[in-house]
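Here is the structure we will look at, set down as structure tokens.
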Amino acid sequence: MKGRWIQSLSISELYLFCFALGKKVWNEGLTNETDKRVRKNNEVRKGYKHTEKAKRKMSESSSGEKSGTWKGGLSFKPYDSNFTTNFKKFIRERDNQICLLCNIHREKLKKALAVHHIDYNKQNTCKENCCVLCTGCNTKVNFNREEWTVFFHSLLNKRYGYIYGEVK
Ligand SMILES: [Zn+2]
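Numbered by numbering that gives the first Met the number 0, the letters in the sequence shown go through residues 0 to 167 in order.
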């Protein structure tokens with residue numbers, strides 16, 4: 000399975016990997032702005048990439064509740080009822096008020112850290128699926144989602160001993 004090897008990395012190796020991932024995003028951003036053809040290609044690619052998920056999401060949304068919001072995906076779905084102020088407080092304290100990726104502390108950031116859903120499903124609020132990120136890193140993880148999911152699973156497994164199943 001893709002990304003399986005990540006599980007075997009140590010925490011410092013994991014961070015190297017995460018640095019590389021971030022770089023990848025940074026490069027992509029740069030290319031997007033500087034070359035329109037590349038941007039077009041990327042859009043096509045992204046569209047394609049979303050197809051599988053989109054299909055699932057569409058079948059999800061047509062099965063009940065109001066649809067029409069799927070464009071933009073799960074990120075615009077409301078959070079589930081577990082996502083309370085207390086829960087967020089718990090996650091922020093568990094992670095020591097420090098962004099998991101860049102290690103910036105809440106006090107330095109001067110605002111609350113975002114509570115990130117590791118599998119990008121805001122309806123899946125539990126301690127194993129949530130961690131804190133600063134705003135910058137939270138934006139960063141919107142790209143290469145599968146890799147980030149594996150990364151966070153591996154990191155939280157090493158930190159807190161949480162067990163995760165196979166990533167889809
Ligand atoms: Zn950060």
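The C-beta atom is built at its ideal place from N, Cα and C for all residues, glycine as well.
Tell me, please, whether the stretch 83-102 touches the stretch 122-136 by the rule of three or more beta-carbon pairs shorter than 8 Å. yes
Could you check what DSSP says for VAL114 in three-state terms: helix, strand or coil? strand
Cα-Cα, which of PHE86, GLN96, LEU108, PHE150 is closest to ASN123? PHE86
To which residues of the same chain is LYS157 closer than 7 Å at the C-beta, ignoring the five residues directly before and after it? ILE10
Which of the three DSSP states is assigned to VAL131 in this structure? strand
Please work out which residues of its chain come closer than 6 Å, Cβ to Cβ, to LEU8, disregarding the five sequence neighbours upstream and downstream, and give them in chain order. none
Indicate whether PHE150 and PHE18 have their beta-carbon atoms separated by less than 8 Å. no
Tell me the DSSP bridge mates of ILE97? HIS104
By DSSP, does CYS136 sit in helix, in strand, or in coil? helix
Could you give the DSSP three-state label for CYS125: helix, strand or coil? coil
Thinking C-beta only, is HIS115 closer than 8 Å to ASN137? yes
Give the straight-line distance between the Cα atoms of ILE117 and TRP147, rounded to the nearest whole angstrom. 8 Å
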